[in-house]
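I have placed the structure first, in the form of structure tokens, so that the comments after it can refer back to it.
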Amino acid sequence: MGSESTPTLPILDFSNAEWKPGTDSWLVACKKVTHALEQYGCFIIEYDKFPLQLHNQVFSLLEELFLLPTETKMKNRYEKPLNGYVVAELDQMVTRMIFESYGVERYHDAYTDTTTYLLRLLKNRAPQQSEPTLGFITHTDKSFTTILHQNQVNALEVETRDGNRINVDFSSPSSFVVIAGDALTAWSNDRVLSPRHQVVMSGNVDRYSLGLFAFNNGTIQVPEELVDDLHPLKYNTFDHLGLLRFYRTDEGYNSKCPIKAYCEMGSQTPLKLPVIDFSKPDLKPGSNEWDLVKGQVQQALQEYGCFEALFDKIPLQLREAIFGSLQELFDLPLQAKIRNVSNKPYHGYVGQYPQVPLYESMGVDDATVTEKVEALTTTLWPQGNSSFSNTIQSFSEQLSELDQIVRRMILESFDLEKYMDEHMGSTNYLLRVMKYKGPKTTETKLGLNSHTDKNIVTILYQNEVDGLEVLRKEGEWINVKPSKHSFTVMIGESLYAWLNGRVHAPYHRVMMTGDKARYSAGLFSVPKAGYIIKAPEELVDEAHPLLFKPFDHVEFLRFYYTEAGQKAESALKVFCGV
Ligand SMILES: [Fe+2]
Ligand SMILES: [Fe+2]
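Residues in the sequence shown are numbered from 1 upward in steps of one, following UniProt numbering.
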């Protein structure tokens, strides 16, 4: 306090620590960790579980890696040459201490289960001069926590709450720096600081560093224990990966505090999807009505990739019957439901996943084909259930008309009429029926993770329990509130790829609250196995270079459900991006 000496970060010695949660030394360390995070958002750990020999190996490997020709390095972007295991262990210890010292350790397992780690390898070239040069601009991390390890070139500067800069000292090879990210600040309801930091280089030695970034696959919610009169809730529950996407939008990038901007969005005037009326009796190709609606479809798809469709060709009685059938289906014992299998990934029974405990779904392949639906029905009810199979089949068949109207309009708007027959003939219909249990709390719980659909067009019909949210390009979530006369139409990535990026395939998720179950039925037009999706030459030119190499949808799906596919930000780009 008031001293003239250069400020330094707190150093916590984790070496030789034989701590067990609950011991005195563990509790002391918990306090120190939180204190440092609240004060600086950052601290140094001395950690000898990372032997000097390994440290040296890592950095000579890093040097070697960055010496590779640029082309080779670019190819390497999705591989992980180094294992972040040791550091991940350290991160888990630190987050556990944070949770414990706030008295919310009961959430820690759930947090760890939904955490993924990104290991980034960084090189800052030496400027070869004594004058300081900016190596990385001032920013806050968007992670929950970041752990940095580096060679002995000190260049990282961390800003304190009052704007002073601390030069972080890495002179010891067993030093690790823990930095709180924006997600931790939000989770802690503003108790922890997410410090601004930058890299400033000087001299003639390159800086190599490894950063382990912890991200949450699901939503981040301020624990109720951290909200009281003195600390009113500052952040709405938010989707962590959504925050990252928002940050890359202009609005997010230019925002003074992206996390605040992102989390406050829910509280503004509710956004709505465009509503398009397909119920008009003279909606025939070539008519004025048709062209009018076609224009609305094109605009909605470029802007949102999604719209609400009014479509009354399906009798109300059938629309109501579908929910009775869904309830009957999900009320079956689990042993019966798991008999719903498919040779295509994600086409059969899905459920009982700890990460999305509210969610359960079943697939009816070729749902417009009577024999196929009947065959599935007999698998589920060996004694038969004709009202179920009739409802499912007629609903799918009548709804497939809307799918075909929408697709016809899309092809016409891009002057692709000559591909009409090929395009329409290249797909099957999958009816996926879904149940999301009510979480039985007033808090909002994740029903289904944010994702994009992988097929051509999805049309959803749901009961009166809302929960679907669609992400706008600008980063805001739209709560979808369809009526019982309307359907939600959404573009999938296969159509996005076929149209060479001309329409938007939106991220969407399901967020649940309250007691009631949400039932929904989705008709998915899905490219047939073996059909190669290839953008028509009319849509590829200098202004629109080809985005994806031709691909088979089923092979893509198989990749999507591998670990690499699940981790990729865009599985399609990794699988067949140009
Ligand atoms: Fe950073
Ligand atoms: Fe979806």
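Note that beta-carbon positions come from the ideal geometry of N, C-alpha and C, so glycine has one too.
- One thing to note: H197 has its Cβ no nearer than 7 Å to the Cβ of V227.
- If you compare the alpha carbons of P545, A568, A529, E542 with that of F551, the shortest gap goes to A529.
- Nearest neighbour of S209 by Cα position, chosen from G467, L468, F176, Q92, turns out to be F176.
- Pairing E542 with K573, the inter-Cα distance amounts to about 20 Å.
- Note on the UniProt domain "Fe2OG dioxygenase" (426-527): whole alpha helix (DSSP H) runs with a minimum of 4 residues are 493-498, in chain order.
- In this structure, DSSP gives L119 an extended state, which the three-state scheme calls strand.
- Assigned with DSSP and collapsed to three states, Y247 falls in helix.
- If you draw a straight line from the Cα of S130 to the Cα of A155, it is about 13 Å long.
- Secondary structure at Q352: coil, using DSSP grouped into helix, strand and coil.
- Bounds of any alpha helix (DSSP H) do not take in L210; it lies within the beta strand (DSSP E) bounded by 207-216.
- Take the alpha-carbon of F99 and the one of S174: they are about 25 Å apart.
- Per the C-alpha coordinates, the member of P21, N151, I44 positioned closest to V58 is N151.
- Taking a contact to require three or more Cβ pairs closer than 8 Å, the segment 487-494 and the segment 445-457 qualify as touching.
- At least one heavy atom of ligand 1 lies less than 6 Å from the C-beta of D141.
- Taking a cut-off of 6 Å from the heavy atoms of ligand 2, the residues with a C-beta inside it are H451, D453, H508.
- Just so you know, the alpha carbons of Q335 and A367 end up roughly 22 Å apart.
- In this structure, F213 sits near L118, with a CB-CB distance shorter than 7 Å.
- The criterion of a C-beta distance shorter than 7 Å is not satisfied by P7 and I220.
- Residue environment analysis places I533 among the buried positions, since at least 16 neighbouring C-beta atoms fall within 10 angstroms of its C-beta.
- As a beta-bridge residue in DSSP terms, Y359 pairs with Y436.
- Within the same chain, and ignoring the five residues on either side of L539 in sequence, the residues whose Cβ sits closer than 7 Å to its Cβ are F414, L499, N500, R502.
- Between R207 and V153, the C-beta spacing is below 7 Å.
- Exposure of D291 is indicated by the presence of fewer than 16 other C-beta atoms within 10 angstroms of its C-beta.
- Looking only at R509, V578, F487, the smallest Cα-Cα distance to G218 is reached by R509.
- Our two residues, S426 and F323, have alpha carbons roughly 30 Å apart in a direct line.
- The criterion of a C-beta distance shorter than 7 Å is not satisfied by V470 and I459.
- Per DSSP, reduced to three states, the secondary structure at T146 is strand.
- Residue range 129-139 is occupied by the beta strand (DSSP E) that includes F136.
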